[in-house]
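One structure is given below, encoded as structure tokens.
Residue numbers (the working numbering): 18 to 178.
Okay, structure coming up:
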């Protein structure tokens, strides 16, 4: 399971153990830098994410936890600046590995489906939006119970669209 979370690119000439170790060190540093960079302008934060994803992408698969962490941060920045297309793009890359890494009824996965659903709706893609919101509801019904107020809220959202 942990090996899966640190997935390395499958290249004809696989990266050396040293290269992988260096990239993990880089990933940890950039995550720490991002954490401390909250006072930066949002465009700079997005740049940190994009540059680090570009660099790490040479060694790590998109499903690698370090890649996912930076994609999640980038998605957050996009949401904050209301770049719905950008946020959706990152969310679409995140959801499959999240579904693999987290348990079946993880609220992290439900939360991502919820974000995707709302983004699809905002971008006028009702079919994909409904599908994503229903996936979020299915997980939340198991995690929270069918009568949870949050679930009623999302169902109402579906009816209103």
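We treat Cβ as the ideally placed atom computed from N, Cα and C, and that holds for glycine. Just so we're clear, the structure is a prediction, and the values are computed from it rather than from any experiment.
Spatial neighbours of residue i in its chain, beta-carbon cut-off 8 Å, leaving aside the 5 residues before and after
{"i": "residue 59", "result": "94, 97 and 98"}
{"i": "residue 79", "result": "85, 88, 110 and 114"}
{"i": "residue 178", "result": "138, 143, 146 and 147"}
Residue i, buried or exposed, once every other Cβ within 10 Å from all chains shown has been counted against 16
{"i": "residue 69", "result": "buried"}
{"i": "residue 81", "result": "buried"}
{"i": "residue 107", "result": "buried"}
{"i": "residue 54", "result": "exposed"}
{"i": "residue 173", "result": "exposed"}
{"i": "residue 38", "result": "exposed"}
{"i": "residue 132", "result": "buried"}
{"i": "residue 52", "result": "exposed"}
Close Cβ partners of residue i (< 6 Å) along its chain, the five nearest in sequence each way excluded
{"i": "residue 146", "result": "134, 137 and 138"}
{"i": "residue 140", "result": "101"}
{"i": "residue 46", "result": "none"}
DSSP three-state assignment for residue i, whether helix, strand or coil
{"i": "residue 36", "result": "helix"}
Let me know the beta strand (DSSP E) ranges lying completely inside the segment 50–126, each 3 residues or longer, listed in chain order.
When DSSP assignments are scanned along the segment 50–126, no uninterrupted stretch of beta strand (DSSP E) that is 3 or more residues long falls wholly within it.
Touching or not, the segment 108–123 and the segment 50–67, by the rule of three or more beta carbon pairs under 8 Å?
The answer is no - the segment 50–67 does not touch the segment 108–123, with fewer than three Cβ pairs under 8 Å.
Decide if the segment 165–175 is in contact with the segment 122–129; the criterion is three or more beta carbon pairs, one per stretch, under 8 Å apart.
Short answer: they don't touch.
Minimum length 3: unbroken beta strand (DSSP E) runs contained in the segment 139–170
The qualifying runs do not exist here; there are none.
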